[in-house]
């Protein structure tokens, strides 16, 4: 949140994220993208199915 | 999100087509709508909420929610299919332009007014394209959970500053700052339909040994789900009991006979909770001292013995050594003394030097004793320091315990006095309160038991996860299934770490933000803070000595707030959250959606009970939010608010509502003096009532 972080373009969570293996980063990104689409809906149809598909696509 | 324009057609008391252009200029970000009581401020707020969320968005205080279409229009209607109420909102969000339209025909209203038609268009390169699943998109742009923090009746928001609403506050923080996305991501990855399915796939393909462990892991997971449900229910019961106690407290406070005793009790209970927090911190500090430094206290004998040895060596002249054995050895090896005499084998000179070797000091021994001497000194110093720290911390602990004892005694006394009142109503309230307190204690104890069980199961789950991972599969399919399982578990753990980091970093920033704005609006003396579990507290410092000296010892105490103070606190919290969300949108993060965003604040009558805080609110809220829309009556506006807004030059656009009807609200004026203009706002109309929106040129 501070100015230094804003200048360097890195936050602690981004640093932590970058430390993870690429496969995990991709998986987390895909999960968050799926969640982003439905996160404010009361019912969230297909979210689990979609996440499962992403896992199977990304982890071979 | 920045609101640009609102068009209302036949919505509630707004007859025909009415429109408002909101100010979008950052330096003049306030849009003012002047409206006397009963003229339609609440209906206007509800028009916006209905536009975004339909029936579910309407505020609780709106009567007859099923009647959306203007009564007169509906009564005269000849074709229910073509008569409708409509709200259209133009807005921008993250540099995209949108047009939202919600419509309800009279035909549909008669069937079910909750079912409305909603369309959303997004402008791209000048082309307006319809957005599929409009309502879903709206929820994504502005989550329903945060709407009560952005569109609200100022007089009804004081509940946010009540402790029992900390869950709502936590939810709003998480939603507005993007943390909710991480939480749901973790939940969904660990869901039976994801993790559970992957486990089942692995179980089918793996060895019997591993399958048995997977079975056990599934059972442990079921237990965790079950215990989490119990925890949630228990937490809800705690919140419900707290609010029942608060209700009884309020009733007792309103009762003339019990008023003073109850006020004192509230004060004491606030002190008690602050003391308990302080006690926990001091006890923790004591534990730290004992764990980290107390060895020095038990090393007294060792230090004494060490000192004796060092002193003996010193008295024998062995330290510091007068001559070093390494130096004598060099002389003997070179067969030449420092006085240039030869040290031949068997010579008297050589014998003399060899004799010197018997009491010559060893360099390493010399250094070791020096280091030992130094260490003994440090241990002695450390012991003294630790003894002092222990004494002081323990004295502080005992003082808190004494204070707590006094508080408890006084509370017990108050309970007896209130319970002993002749008034039957007071007696019954006190008795009900006592029962609730007992229930509260049981629930809190139950919570601790649940937490313990959960901790055990979570630990076992982790053990099993490692054990399963360590059993290598022979089949390629089983290996792939294990890899997928590992990836899901690792992803969930990464998300947990990200959530922890984000929450940890945001809390102090938000805290600082709230504290600063609270100070600006309320002034000196009080300050606001968010506790670790996001409870919003207002604190003050009180002198705990008998002197008036500024340097005299003082303590932080939580303040029991009045309704007006709670209202300001809630306003400050909302504005701080909106300001932080706005700043957070500028910070890069791993994915779009984790960021915050710009949001407007739409306030109906925000200056109601604020009295002395009105200028602060009028001045600072527009500084914090990107856009502020205020619906205000003349009694709330005239004076301090008008002066402050004029001074800050924040007003971008101004409107007023005119009311046409048979009767006028007793507090309402027929004419308003707004700046240099005098405008007529009430028109007698016998046939039906309706409201119109008029722009004010200023």
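Protein chains in written order, with this note's numbering: chain A, 1 to 60; chain P, 61 to 758. Where is the CB? At the ideal position from N, CA and C, for every residue including glycine.
Quiz item: From residue 108 (chain P) to residue 719 (chain P), what does the alpha carbon distance come to, in whole angstroms?
Solution: In a straight line, the C-alpha of residue 108 (chain P) is about 19 Å away from that of residue 719 (chain P).
Practice problem: Output the distance between the C-alpha atoms of residue 154 (chain P) and residue 29 (chain A), rounded to the nearest integer angstrom. | Solution: Those two C-alpha atoms are separated by around 20 Å.
Self-check item: DSSP-derived helix/strand/coil call for residue 487 (chain P)
Solution: Residue 487 (chain P) carries a helical assignment under DSSP once its states are collapsed to helix, strand and coil.
Quiz item: For residue 256 (chain P), which option in P:282, P:424 and P:565 has the closest C-alpha, if you only look at C-alpha atoms?
Solution: Taking residue 256 (chain P) as reference, the option from P:282, P:424 and P:565 with the minimal CA-CA separation is P:282.
Quiz prompt | Rounded separation between residue 446 (chain P) and residue 690 (chain P) - CA only | solution = Here the C-alpha atom of residue 446 (chain P) lies approximately 59 Å from the C-alpha atom of residue 690 (chain P).
Practice problem: State whether the segment 743-753 of chain P contacts the segment 687-707 of chain P, with contact taken as three or more CB pairs (one from each stretch) at a distance under 8 Å. | Solution: Taking 8 Å as the limit for Cβ pairs, the verdict is that the segment 687-707 of chain P does not touch the segment 743-753 of chain P.
Quiz item: Does the beta carbon of residue 16 (chain A) sit closer than 7 Å to a beta carbon anywhere in chain P?
Solution: By this cut-off, residue 16 (chain A) is an interface position.
Quiz prompt | Same chain, Cβ closer than 6 Å to residue 443 (chain P), neighbours up to 5 away in sequence not counted | solution = Excluding five sequence positions before and after residue 443 (chain P), the CB atoms of its chain that fall closer than 6 Å to its own CB belong to 356 and 357, given in chain order.
Quiz item: So who's on the other strand from residue 469 (chain P), going by DSSP bridges?
Solution: Its beta-bridge partners do not exist; DSSP assigns none.
Quiz prompt | Minimum Cβ-Cβ distance from residue 653 (chain P) to chain A less than 7 Å | solution = Note that residue 653 (chain P) scores a pLDDT of 47, beneath 50, so its modelled location is shaky and nothing firm can be said.
Quiz item: Whose Cβ in chain A lies nearer than 8 Å to the Cβ of residue 254 (chain P)?
Solution: In chain order: 48, 51, 52 and 55.
Practice problem: Look up residue 590 (chain P) in the DSSP assignment and give the residues it is bridged to. | Solution: For residue 590 (chain P), the beta-bridge partners assigned by DSSP are P:596.
Exercise. Answer yes or no: do residue 558 (chain P) and residue 242 (chain P) have a C-beta to C-beta separation smaller than 7 Å?
Key: For residue 558 (chain P) and residue 242 (chain P), yes; Cβs fall inside 7 Å.
Quiz prompt | Pair within 7 Å by beta-carbon distance, residue 575 (chain P) and residue 588 (chain P) | solution = Their beta carbons are under 7 Å apart, which means residue 575 (chain P) touches residue 588 (chain P) by this criterion.
Practice problem: Under the assumption that residue 426 (chain P) contacts residue 379 (chain P) (Cβ atoms under 8 Å), give the Cβ distance between them as a whole number of angstroms. | Solution: The Cβ separation is near 6 Å, so the contact holds.
Quiz item: With distances taken between CB atoms, is the gap from residue 263 (chain P) to residue 272 (chain P) smaller than 7 Å?
Solution: If you check the CB distance, residue 263 (chain P) and residue 272 (chain P) do not come in under 7 Å.
Exercise. For residue 124 (chain P), I'd like the list of residues in its chain whose CB is within less than 8 Å of its CB, leaving aside the five on either flank, ordered along the chain.
Key: Taken in chain order, the list of residues that qualify is empty.
Exercise. Using a cut-off of 8 Å between C-beta atoms, extract the partners of residue 63 (chain A) located in chain P.
Key: In the structure as shown, chain A begins at 1 and stops at 60. Residue 63 (chain A) is therefore absent and cannot be evaluated.
Quiz item: By DSSP, does residue 183 (chain P) sit in helix, in strand, or in coil?
Solution: It is a strand residue.
Quiz prompt | Sequence-distant residues of its chain with Cβ nearer than 6 Å to residue 14 (chain P) (five each side left out) | solution = Outside the shown range of chain P (61 to 758) lies residue 14 (chain P), about which nothing can therefore be said.
Quiz item: At a CB-CB cut-off below 9 Å, which residues of chain A make contact with residue 248 (chain P)?
Solution: Within 9 Å Cβ-Cβ: 31, 34, 35, 44, 47, 48 and 51.
Self-check item: Per-residue contacts from residue 561 (chain P) into chain A (C-beta, under 7 Å)
Solution: Under the 7 Å cutoff, chain A gives 12, 13 and 16.
Quiz item: Taking 7 Å as the CB-CB cut-off, is residue 551 (chain P) touching chain A?
Solution: Closer than 7 Å to some Cβ of chain A, the Cβ of residue 551 (chain P) qualifies, so yes.
Quiz item: In three-state terms, what does DSSP make of residue 248 (chain P)?
Solution: Annotated three-state conformation of residue 248 (chain P) is helix, per DSSP.
Quiz item: Ends of the alpha helix (DSSP H) at residue 294 (chain P)?
Solution: Counting along the chain, the alpha helix (DSSP H) containing residue 294 (chain P) begins and ends at 268-314.
Self-check item: Contact between the segment 175-191 of chain P and the segment 203-221 of chain P (3+ Cβ pairs under 8 Å)
Solution: Taking one beta carbon from each stretch, the segment 175-191 of chain P and the segment 203-221 of chain P have fewer than 3 pairs nearer than 8 Å; the two do not touch.
Self-check item: Outcome for residue 101 (chain P) when other beta-carbon atoms lying within 10 angstroms are tallied against a minimum of 16
Solution: Buried, because 16 or more other Cβ atoms sit within 10 Å of the Cβ of residue 101 (chain P).
Quiz prompt | Spatial neighbours of residue 363 (chain P) in its chain, beta-carbon cut-off 7 Å, leaving aside the 5 residues before and after | solution = Cβ neighbours of residue 363 (chain P) beyond the five flanking positions: 436, 439 and 440.
Quiz item: In three-state DSSP terms, what is residue 82 (chain P)?
Solution: Here residue 82 (chain P) sits in coil by DSSP.
Quiz item: Count the other CB atoms within 10 Å of the CB of residue 142 (chain P); is the residue buried (16 or more) or exposed (fewer)?
Solution: With fewer than 16 other Cβ atoms within 10 Å, it is exposed.
Exercise. Locate the beta strand (DSSP E) running through residue 719 (chain P), then write down its first and last residues.
Key: Element bounds for residue 719 (chain P): 711-721.
Self-check item: Contact under 7 Å by Cβ, residue 756 (chain P) with residue 694 (chain P)
Solution: Between residue 756 (chain P) and residue 694 (chain P), the gap from beta carbon to beta carbon reaches 7 Å or more.
Practice problem: Could you pull out every residue in the same chain whose Cβ sits closer than 8 Å to the Cβ of residue 763 (chain P), ignoring the five residues on either side in sequence? | Solution: Nothing can be reported for residue 763 (chain P): it is not among the residues displayed for chain P, which extend from 61 to 758.
Quiz prompt | Sheet register partners of residue 742 (chain P) (DSSP bridge) | solution = Paired residue(s): P:719.
Quiz item: Between residue 92 (chain P) and residue 80 (chain P), is the Cβ-Cβ spacing less than 7 Å?
Solution: It is not a contact, given that the beta carbons lie outside the stated cut-off.
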